[in-house]
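What follows is a single structure, written as structure tokens, with notes after it.
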Amino acid sequence: HLLAYRVEADAEGLTSRGLSGRRAVTWPAVSRVEGGPGAIVVVGADETRIEVDTTDFRPEQRASLERTIARRIHDAAAPAR
């Protein structure tokens, strides 16, 4: 399944691509982030859900992804200077 799945977290937002198509949530549009054992789910204001399967992540990989998501959401919410 890894060959058919890709997640990207860039300056614009979080994007997933897979066999079922493409989903994207921009950082300003994130309404919530849900976490649990084995997954992180980013939910957009329009209820678009991007689930990142972290089952095979090492603890430091998951922590890095969580920090990236938190930083991007924080930066998107900060007022422009």
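Each residue of the sequence shown is one higher than the one before, starting from 523 at the first, in the working numbering.
All residues carry an ideal CB built from backbone N, CA and C; glycine is no exception.
In the structure shown, the three-state DSSP call for Glu534 is coil.
Beta-carbon to beta-carbon, Val564 and Leu587 are separated by about 10 Å, too far to satisfy the 8 Å threshold. For Glu556, the enclosing beta strand (DSSP E) begins and ends at Val552 to Gly558. For Arg594, the enclosing alpha helix (DSSP H) stretches over residues Pro581 to Ala599.
Secondary-structure assignment with DSSP links Ala561 through a beta bridge to Gly558 and Asp575. If the five residues before and after Pro581 are omitted, its C-beta is found closer than 8 Å to no C-beta atom of its own chain.
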